[in-house]
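Residue numbering for the first sequence follows my numbering, beginning at 3 and increasing consecutively.
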Amino acid sequence: MPEGPEVECTRRYLHPLIGKTVKKIQLTELSQKYPKYAGKQQDFYWFDGQQLIDIERSGKFLIWRFDGEKVILNHLGMSGKWILLKKNNQSLTSHAKALIYFEKQPHAIFDDIRNFGQFKIFESYKIVLKYDPIRKMGIDGLAKPFPMDEFLLRFNKPNYASKEIGAVLVDQKLVAGMGNIYKAESLALAKINPTRLVKTLTKKERKELGLAISKTLWKAVDCNGSTFSTFQIPTGQEGSAQHWHKVYGKHGEACQDCGTEIIRIVQNGRSTFFCSECQK
DNA sequence: CCGCTGGCCTGCGAGC
DNA sequence: TGCTCGCAGGCCAGCG
Numbered sequence: 003m004p005e006g007p008e009v010e011c012t013r014r015y016l017h018p019l020i021g022k023t024v025k026k027i028q029l030t031e032l033s034q035k036y037p038k039y040a041g042k043q044q045d046f047y048w049f050d051g052q053q054l055i056d057i058e059r060s061g062k063f064l065i066w067r068f069d070g071e072k073v074i075l076n077h078l079g080m081s082g083k084w085i086l087l088k089k090n091n092q093s094l095t096s097h098a099k100a101l102i103y104f105e106k107q108p109h110a111i112f113d114d115i116r117n118f119g120q121f122k123i124f125e126s127y128k129i130v131l132k133y134d135p136i137r138k139m140g141i142d143g144l145a146k147p148f149p150m151d152e153f154l155l156r157f158n159k160p161n162y163a164s165k166e167i168g169a170v171l172v173d174q175k176l177v178a179g180m181g182n183i184y185k186a187e188s189l190a191l192a193k194i195n196p197t198r199l200v201k202t203l204t205k206k207e208r209k210e211l212g213l214a215i216s217k218t219l220w221k222a223v224d225c226n227g228s229t230f231s232t233f234q235i236p237t238g239q240e241g242s243a244q245h246w247h248k249v250y251g252k253h254g255e256a257c258q259d260c261g262t263e264i265i266r267i268v269q270n271g272r273s274t275f276f277c278s279e280c281q282k
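The following block contains the structure:
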């Protein structure tokens with residue numbers, strides 16, 4: 003599910019929770035099996051009676067803010083999702099890791115099949131901002147208007163120069179919220195071949211790429227994100243962004259624009275898809 | 001500091 | 001039809 007646009011859709015889905023008072027945050031037994039959920043149940047007692055003030059998105063992170071100082075940093079990993087419990091007797095999902103009970107329904111369940119997600123306490127908002135993955139984040143790909151100048155600036159980082167653009171583009175220090183699907187789709191929209199070295203991209207191409215990123219990510223938000231196999235966001239609604247993908251997952255199929263076969267390559271251990279005719 | 005490899009997990013489906 | 005195996009939207013530790 004979760005690249006920046008899917009995390010943004012999740013944030014919107016959770017919006018009705020804002021203003022509610024926490025009754026109890028409970029970690030499931032299952033959560034204790036995994037190091038990334040190593041938080042102790044007793045540490046979460048602090049949140050009893052706290053009012054949820056806001057849920058912010060920063061790149062692919064959600065930051066849960068309360069009226070007291072502590073915050074919860076939450077990452078969906080590869081398979082994390084939030085489910086709002088609207089009925090009393092609704093049963094828990096099989097990979098539930100954390101439950102937030104409010105004084106009134108709905109309650110919220112964080113479910114994470116592959117256990118790559120995060121749900122951890124930080125002592126204050128200031129401290130979470132100093133946490134490296136947040137502090138070092140690049141521009142937010144969903145920022146409006148798209149921060150072109152800073153994008154170009156970060157793009158100039160010397161250590162990117164001799165790397166392939168397809169490998170660089172998923173770096174959260176360049177564009178926070180970018181992931182493997184929208185990387186491929188943004189490059190397709192900008193008609194740039196993912197194997198191009200960053201230093202060979204002209205300023206015009208870099209700008210076009212920036213615009214393509216913004217367009218691609220926002221279109222995904224507007225479609226409620228991409229839904230694949232069992233992943234959906236949020237529960238009950240399906241995203242439809244996958245329907246307009248030009249290249250992602252389409253290896254072996256004909257390019258919709260020129261008929262050339264879409265190919266798949268591996269960069270940084272991740273799949274990249276493109277049309278070698280349209281993307282030069 | 002940098003880049004690369006492999007590891008963390010479960011579930012799905014392509015292909016034999 | 002059933003099984004295996006590769007692969008999956010993310011990230012990081014450890015190594016040289």
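C-beta atoms are modelled at their ideal positions from N, C-alpha and C, and glycine is treated no differently. Treat the numbers as computed from the prediction; the structure is a model and nothing was measured.
Check, Outcome
"Which of helix, strand or coil DSSP assigns to V249", "coil"
"Local conformation of I264 per DSSP, three classes", "coil"
"9 Å Cβ cutoff met for A192 and A214", "yes"
"Option in N76, R156, N161 and D259 with minimal Cα separation from F118", "N76"
"Close Cβ partners of T95 (< 8 Å) along its chain, the five nearest in sequence each way excluded", "I85, I111 and D113"
"Beta-carbon contacts of L29 that lie in its chain and below 6 Å, excluding the five residues immediately before and after", "Q43 and A100"
"Local conformation of I85 per DSSP, three classes", "strand"
"Beta-carbon contacts of F149 that lie in its chain and below 7 Å, excluding the five residues immediately before and after", "For the sequence presented, residue 149 should be read as Pro rather than Phe. Taken in chain order, the residues that qualify are I141."
"Member of L219, K83 and L203 whose CA lies at the smallest distance from the CA of A163", "L203"
"Endpoints, the beta strand (DSSP E) within which Y103 is located", "A98 to F104"
"Cutoff 7 Å; reference K146; Cβ partners in own chain excluding five residues on either side", "none"
"Residue from R272, D259, G271 and C277 with nearest C-alpha to I265", "C277"
"P160 classed as buried or exposed, judged by whether at least 16 other C-beta atoms fall within 10 angstroms", "exposed"
"Endpoints, beta strand (DSSP E) assigned at S273", "R272 to F276"
"Beta-carbon contacts of I102 that lie in its chain and below 7 Å, excluding the five residues immediately before and after", "V24, I27, H109 and A110"
"Beta-carbon spacing of K22, F49 below 9 Å", "no"
"Helix, strand or coil at I65 according to DSSP, with G and I counted as helix", "strand"
"CB-CB length for K248 against A169, believed under 8 Å", "No, K248 and A169 are not in contact; Cβ-Cβ is about 20 Å, not under 8 Å."
"Endpoints, alpha helix (DSSP H) assigned at D113", "Unbroken run through D113 is the beta strand (DSSP E), H109 to D114; no alpha helix (DSSP H)."
"Distance between beta carbons of A243 and G261, contact taken as under 8 Å", "No, G261 and A243 are not in contact; Cβ-Cβ is about 24 Å, not under 8 Å."
"T23, DSSP secondary structure in three states", "strand"
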